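Colleague: Using our numbering, read the sequence shown as starting at 31 and increasing by one per residue.
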Amino acid sequence: MFSSALFTGSMSEKEIVRPCGIIPLLEQLIDSGYLQRGDGIMADKGFLIEEEMRAVGLQLNLPPFSRSKRQMPAGDVLVTKRIAKHRVHVERAIAKIKKFKIVSDKNPNTRLGIINHIWYVVSMLSNFQPHILK
């Protein structure tokens with residue numbers, strides 16, 4: 031699981047992608063053979079980072095979303111179901127982290143200097159919890 035430093039809520043997902051360090055990590059994973067060019071990366075619908083992923087050689091998989099109140103085309107419904115089947119594992123991983131009271135509660139300003147350390151430790155500790163896949 032990749033865990034970056036925390037960023038302010040005023041930054042867009044696209045603005046976060048460069049400084050968070052995931053691009054160099056993905057490039058390393060391709061160079062080491064763990065990922066292949068053309069493999070897919072899953073992201074939420076707010077992560078409009080298709081150009082960045084294409085530059086690395088990866089395909090971005092976003093759940094299709096309807097901009098209007100009309101029904102989704104049948105093809106998009108199938109894609110959405112396929113992505114949702116895998117997306118549930120991402121949601122479960124996030125839920126494991128949020129179970130830690132120190133990150134789920136409001137944090138006082140006195141923790142600002144260490145909040146990234148707390149986030150990293152909790153993210154890594156969640157890896158020692160029971161697996162999310164059954």
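We put the CB at the ideal spot given by N, CA and C, even for glycine.
This one's a predicted model, so the numbers in the text were calculated from it and none came from an experiment.
Just to confirm, does isoleucine 52 get its C-beta within under 6 Å of one of the non-hydrogen atoms of the ligand MG?
Modeller: Absent from the structure shown: the ligand MG. Ligands present: none.
Colleague: Evaluate isoleucine 144 with the Cβ neighbour count: other Cβ atoms within 10 Å of its Cβ, from every protein chain shown; 16 or more gives buried, anything less gives exposed.
Modeller: exposed
Colleague: How big is the Cα-Cα spacing for glutamine 58 and isoleucine 71?
Modeller: 15 Å
Colleague: Are the region 41-58 and the region 85-92 touching, with three or more C-beta to C-beta distances below 8 Å?
Modeller: yes
Colleague: Please classify serine 134 as buried or exposed, where buried requires at least 16 other C-beta atoms within 10 Å of its C-beta.
Modeller: exposed
Colleague: For the region 31-40 and the region 62-71, state whether three or more C-beta atom pairs, one from each stretch, are separated by less than 8 Å.
Modeller: No: the two stretches stay apart, fewer than three of their Cβ pairs being nearer than 8 Å.
Colleague: For glycine 70, write down the residues that DSSP places opposite it in a beta bridge.
Modeller: Gln89
Colleague: For glycine 76 and isoleucine 60, what's the separation of their Cα atoms in angstroms?
Modeller: Straight-line spacing of the CA atoms in glycine 76 and isoleucine 60 works out to 25 Å.
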